[in-house]
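Engineer: Residue numbering for the sequence shown follows numbering that gives the first Met the number 0, beginning at 0 and increasing consecutively.
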Amino acid sequence: MLSKRISKLLLTGAVVGGMAGVANAGLNIDVRATGVNGAPLGAGQTSKLIPVAAAGDVVSFDIFAVVTGTNATLTDDKILSVSGSFRSTGALLGTLAADYVRSVEEPPFSGYDAPGASVGLQQDLDGDGDLDVGSLNDGAAANFWAARFILTSGQSAGVGINGRRIGFGTFTVGAGGGQTVVNFVGRSAATAANYFQDNVTVAEASQDGALGITILGGTLPDPATLSLAGLAGLALGRRRRA
Numbered sequence: 000m001l002s003k004r005i006s007k008l009l010l011t012g013a014v015v016g017g018m019a020g021v022a023n024a025g026l027n028i029d030v031r032a033t034g035v036n037g038a039p040l041g042a043g044q045t046s047k048l049i050p051v052a053a054a055g056d057v058v059s060f061d062i063f064a065v066v067t068g069t070n071a072t073l074t075d076d077k078i079l080s081v082s083g084s085f086r087s088t089g090a091l092l093g094t095l096a097a098d099y100v101r102s103v104e105e106p107p108f109s110g111y112d113a114p115g116a117s118v119g120l121q122q123d124l125d126g127d128g129d130l131d132v133g134s135l136n137d138g139a140a141a142n143f144w145a146a147r148f149i150l151t152s153g154q155s156a157g158v159g160i161n162g163r164r165i166g167f168g169t170f171t172v173g174a175g176g177g178q179t180v181v182n183f184v185g186r187s188a189a190t191a192a193n194y195f196q197d198n199v200t201v202a203e204a205s206q207d208g209a210l211g212i213t214i215l216g217g218t219l220p221d222p223a224t225l226s227l228a229g230l231a232g233l234a235l236g237r238r239r240r241a
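(1) Taking the alpha carbon of R101 as the point to measure from, which residue in V118, P39, G93 has its own alpha carbon closest?
(2) Output the distance between the C-alpha atoms of G68 and R163, rounded to the nearest integer angstrom.
(3) Considering only DSSP beta bridges, list what Y99 is partnered with.
(4) Considering only residues of the same chain and omitting the five flanking positions on each side of F143, which have a CB-CB separation below 7 Å?
(5) What's the gap between the Cα of S66 and the Cα of G217?
(6) According to DSSP, is G216 helix, strand or coil?
(7) Starting from K77, trace the beta strand (DSSP E) both ways and give me its first and last residue.
(8) Check this for me: beta carbons of G168 and D129, under 7 Å apart or not?
(9) Quick one: give me the first and last residue of the beta strand (DSSP E) that F143 is part of.
(10) Using only alpha-carbon positions, find the residue among A64, F195, D61 that is nearest to T72.
(11) Could you check whether the region 30-42 touches the region 56-66, counting it as contact only if at least three pairs of C-beta atoms, one from each stretch, sit closer than 8 Å?
(12) Run through DSSP, which three-state label would I149 get?
(13) Please determine, among L79, A139, A96, the residue with the shortest C-alpha to C-alpha distance to D123.
(14) Could you tell me whether the region 109-116 touches the region 174-182, where touching means 3 or more Cβ pairs closer than 8 Å?
(15) Should V103 be labelled buried (16 or more other beta-carbon atoms within 10 Å of its own) or exposed?
(16) Report all residues from its chain with a CB closer than 8 Å to the CB of V57; omit the five preceding and five following residues, and keep chain order.
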């Protein structure tokens with residue numbers, strides 16, 4: 000079980016990360032851990048921290064779009080489409096895979112599988128020897144992960160409803176040690192992100208996720224190590240692509 004000190008560090012990091020996301024842009028693509036090896040999150044695990052991971056472990060996560068509006072209305076902030084990459088950054092290597100939410104007929108549900116949606120290409124984007132998802136060529140849509148709503152009306156994704164789930168993925172732990180941070184990396188293209196903010200259509204480059212998921216290999220770290228991991232995740236969230 001995590002100590003109260005570690006739990007406090009996690010809570011502080013999550014709050015600061017959330018504030019950074021609100022301040023940076025109208026749309027934040029937020030990755031949230033949901034389980035390990037097919038089981039729900041357990042003691043000491045949160046949507047932003049998996050404190051102990053061994054080679055072969057599979058960390059599952061959801062991909063949420065969160066639109067920050069400027070008024071009190073919850074229904075006029077919507078997500079239409081977004082594209083970008085997913086990377087793991089750190090000494091702990093592994094394999095990323097991503098997908099998008101699909102439409103179903105029974106019961107009827109509209110997903111993010113319109114033409115142009117893509118699971119992205121698995122390839123090493125940062126030269127560390129493991130597999131990320133996406134592309135380095137911002138000028139072409141090919142190979143990026145992309146989620147596109149099946150209808151042109153969009154779907155509510157405001158802060159008040161905690162965003163909209165538009166995709167999901169996994170990180171399979173591989174070789175190496177220490178830690179890694181899994182996060183969304185924006186695509187610098189004028190129409191990479193399309194959404195409604197206060198019922199006004201916005202088309203812009205997609206931005207890096209405000210706060211990624213920190214995954215630590217080996218045994219439970221001491222509080223000092225955990226604090227550094229949280230700061231590293233926050234720093235990555237603040238980075239923006241040139």
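Backbone N, C-alpha and C fix where the C-beta goes; we use that ideal spot for every residue, glycine too. Values in this document were obtained by computation on a predicted structure and should not be read as measured data.
Structural biologist: This is what the structure gives:
(1) V118
(2) C-alpha separation (whole angstroms): 14 Å.
(3) G166
(4) Around F143: S82, G83, S84, S117, G119, G133, S134, R186.
(5) Per the sequence shown, residue 66 should be read as Val rather than Ser. Whole-angstrom Cα-Cα distance: 36 Å.
(6) strand
(7) Its beta strand (DSSP E) spans residues 77-89.
(8) no
(9) Premise fails: F143 is in no beta strand (DSSP E) and is neither H nor E.
(10) F195
(11) yes
(12) coil
(13) A96
(14) No, because fewer than three Cβ pairs between the region 109-116 and the region 174-182 fall closer than 8 Å, the two stretches do not touch.
(15) Sixteen is the threshold: since fewer than 16 other Cβ atoms of the shown chains lie within 10 Å of the Cβ of V103, the residue is exposed.
(16) V35, N36, G37, T169, F170, T171, V172
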